[in-house]
Amino acid sequence: MDYAILIYGTEGTFERLPPEKQEEAMEGHYALQAALEKRGAYGTVKLMPTTSAVTLRPTSDIHEKPTLMDGPFAETKERFLGIYIAQFDTLDEAISFTEMISSPYVSLEIRPIAWAGGVLGAPE
Amino acid sequence: MGRRRAWSAGVTRHAWLEARFADIRPQALAALTRQFRNVDLAEEAFASACIRAIQTWPKTGLPNDPLAWLLSVGRNAGIDIIRKNQRLSALSPAPSPDEDMEGIYAEQLDNDGLRDDVLRLLFICCHPALSAQDQLAVALKTITGMSVAQIAGAFVVKPKTMEQRLTRAKRTIADAAIPFETPDSTERSRRLKTVSLMLYLLFNEGWSASSGEVQIKEPLCEEAIRLTRLLLNLFPGMGELMGLLSLFLFQHSRRKARLDVNGNLVPLDDQDRKLWDRPMIAEAKALLEKTLRRGPSGPLQVQAAIASIHSLAPNPNDTDWRELARLYAFLYAMEPTPIIRLNQAVAIEKTKGPEAALAMLEPLATELESYRWYHAARAAFLFDLERFSEALHAYETALSLHPTEAEQRLLLEKIDSCKKNS
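If you read the sequences in order, they're chains A and S.
Numbering-wise, numbering that gives the first Met the number 0 puts 20 at position 21 of the first sequence, and it's gapless, one number per residue.
Numbering-wise, numbering that gives the first Met the number 0 puts 147 at position 148 of the second sequence, and it's gapless, one number per residue.
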């Protein structure tokens, strides 16, 4: 079954860490990526800061174009920072892999995927 | 998985906490400053809240809303300090750390109030009685929490001197009557403009360092970027703030290519573009495109657009000089300064040739008399027109105007080729 691991946390905390601590925090990600690599196809994405986001909000009239707003969808303290997509046989397995990237300031949401498509390469 | 992550080690956890405090600091100080109407007291209160957090959070876990927690504890700490100062003996007991600290504050923390608090705190640092450098020093000390030694290092003065300057500057600020009511939209945009200028100067202070100092000053650029990002988060629709952040990111993306192995500055055209930070450029581009959707409304957006032309060219020969000339003309219409004109002339040289460029420079002669880039640009145009003795003279003038070592070498080379040709 396909699962998404959604990473939430405060923006900028990671960037504030000294480089060696950043590297330490990344170790879990490298380990997870290496483990997923062995199992087959997976995808992962780190999102840019929400200041670079725009949000399309629907208008009440379905014939009208949505309204373009600057900023993220929701003004929340914890922000959607990144995502992994991979196959796991069971929820337990998904949880145990997700634990590899747990750190004090991110919350990790595991959610099954209903539908997926496309092929993702590394950004240029 | 049996795999224990490195972060569970105490030291690392501390680093995360420190990073988190640094992140929260501007917002927390801003709110506490409104509460106490006193920046110094707010700083003290925040510091003691952080100490309490270090003692408490590892045991209780991270609160749902760390900012609200720190504000609540900080507020109580501040009240304690006031009481101590007033030598009041009838104290009510301090609340225990186990209390639901965030609950008290969470509902009061609306984003609208907070954004004006943060803006106000930054604005307080921009007191017009302070020199530009002192404004930056106070902002760094207060808002980012940089140490006096770090700030002194960044401005290349002795820590003792910086300490005195900061004390004096903070006294000036404390005496100023800053209105604490919610600003109207005119006042808000006035403050945003003032603060943007301060952030611009902060970034430039870090960026325009001559060789050797660059390493010390990079953190200034990073702080400028962080504070701009914070403001943009709070004021997401402000085009000029978006332009400012975009501009900073375009510039900062080149930081690794700016220095050669000897620590000398490398001119833009000679930089190894593979060293440019691509994700940062992509973010800058996204911000620029976002803000340009509405059409550029201010000079910072145009400056970001100018920076993008350089950043998006795979190599110097691909630079779109026609677009650059157009953008500089546009910028000059907004801000008719001789330096913008000079830059426009450099772009014109590439599109219309040295003769047209030289003609643009002539009216600037008096204003830019002591600006070495003016003479260097003029010399280059004259050289291209094969007026070698005039070029030689202009290069020599540039050389006399205190260029950096790297520039000196470049100028001496040029002087040499002028002599060979004349």
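From the three backbone atoms N, C-alpha and C, an ideal C-beta is built for every residue, glycine too.
Its chain contains 122, 125 as the residues whose beta carbon lies nearer than 8 Å to that of residue 193(S), once the 5 sequence neighbours on both sides are disregarded; these appear in chain order. Membership of residue 42(A) in the beta strand (DSSP E) is indicated by the continuous run 42-45.
Its Cα nearest to that of residue 384(S), the residue 352(S) stands out among 368(S), 53(S), 359(S), 352(S).
Within chain A, the residues placing a beta-carbon under 9 Å from that of residue 236(S) are 68, 69, 70, ordered along the chain. Inclusion of residue 8(A) and residue 99(A) in the CB contact set at 8 Å is not warranted, their separation being larger than that value. For residue 346(S), the secondary structure class from DSSP, reduced to helix, strand or coil, is helix. Between the C-alpha atoms of residue 246(S) and residue 316(S) there is a straight-line separation of about 22 Å.
Sixteen is the threshold: since fewer than 16 other Cβ atoms of the shown chains lie within 10 Å of the Cβ of residue 388(S), the residue is exposed. Within the same chain, and ignoring the five residues on either side of residue 252(S) in sequence, the residues whose Cβ sits closer than 8 Å to its Cβ are 275, 276, 277, 279, 280, 283, 310.
Per DSSP, the beta bridge partners of residue 2(A) are 85(A), 111(A). Residue pairing for residue 79(A): DSSP places it in a beta bridge opposite 7(A). With a threshold of 8 Å between beta carbons, residue 76(A) makes contact with chain S.
Bridge partners of residue 66(A) according to DSSP: 56(A).
About 24 Å separates the Cβ atoms of residue 141(S) and residue 299(S), ruling out a contact at the 8 Å cut-off. Leaving aside the five residues that flank residue 297(S) on each side, the residues in its chain whose CB is nearer than 8 Å to its CB run, in chain order, 238, 239, 242, 333.
With contact defined as three or more Cβ pairs closer than 8 Å, the segment 332-349 of chain S and the segment 361-369 of chain S are in contact.
Collapsing the DSSP output to three states places residue 137(S) in a helix.
When CB distances to chain S are screened at a threshold of 8 Å, the residues of the segment 31-53 of chain A falling below it are 47, 48, 49, 50, 51, 53, in chain order. By the CB criterion at 8 Å, residue 66(S) and residue 49(S) fall outside the cutoff. Residue contact check for residue 120(A) against chain S: no CB pair falls below 8 Å. Legend: CB atoms of the segment 18-52 of chain S lying less than 8 Å from CB atoms of chain A belong to residues 18, 19, 21, 22.
Setting aside the 5 residues that flank it on each side, residue 4(A) is surrounded in the same chain by 82, 83, 97, 107, 109, each with a C-beta closer than 7 Å to its C-beta; the list follows chain order. The straight-line gap separating the alpha-carbon atoms of residue 256(S) and residue 264(S) is approximately 9 Å. Identification of chain A residues near residue 64(S) by a Cβ-Cβ cut-off of 9 Å yields 76, ordered along the chain. Scanning its chain for C-beta atoms nearer than 7 Å, with the 5 sequence neighbours on each side dropped, one finds around residue 217(S) the residues 205, 254, in chain order.
DSSP links residue 106(A) through a beta bridge to 7(A). Assignment of residue 311(S) by DSSP, reduced to helix, strand and coil, places it in the coil class. The C-beta of residue 16(A) comes closer than 8 Å to at least one C-beta of chain S. Here the alpha carbons of residue 2(A) and residue 69(A) stand approximately 30 Å from one another. Ranked by how close their Cα comes to the Cα of residue 87(A), the residues 30(A), 25(A), 41(A), 72(A) have 41(A) in first place.
Scanning chain S for C-beta atoms nearer than 8 Å to the C-beta of residue 9(A) yields 19, 22, reported in chain order. For residue 94(A), the uninterrupted alpha helix (DSSP H) segment begins and ends at 90-97.
Only residues of its own chain outside the window of five on either side were considered, and among them 371, 374, 375, 378, 410 have a CB closer than 7 Å to the CB of residue 397(S), listed in chain order. Per the DSSP secondary-structure output, residue 258(S) pairs in a beta bridge with 264(S). Annotated three-state conformation of residue 370(S) is coil, per DSSP. Of all residues in the segment 274-297 of chain S, only 277, 278, 281, 282, 285, 286, 289, 292 place a beta-carbon less than 8 Å from a beta-carbon of chain A.
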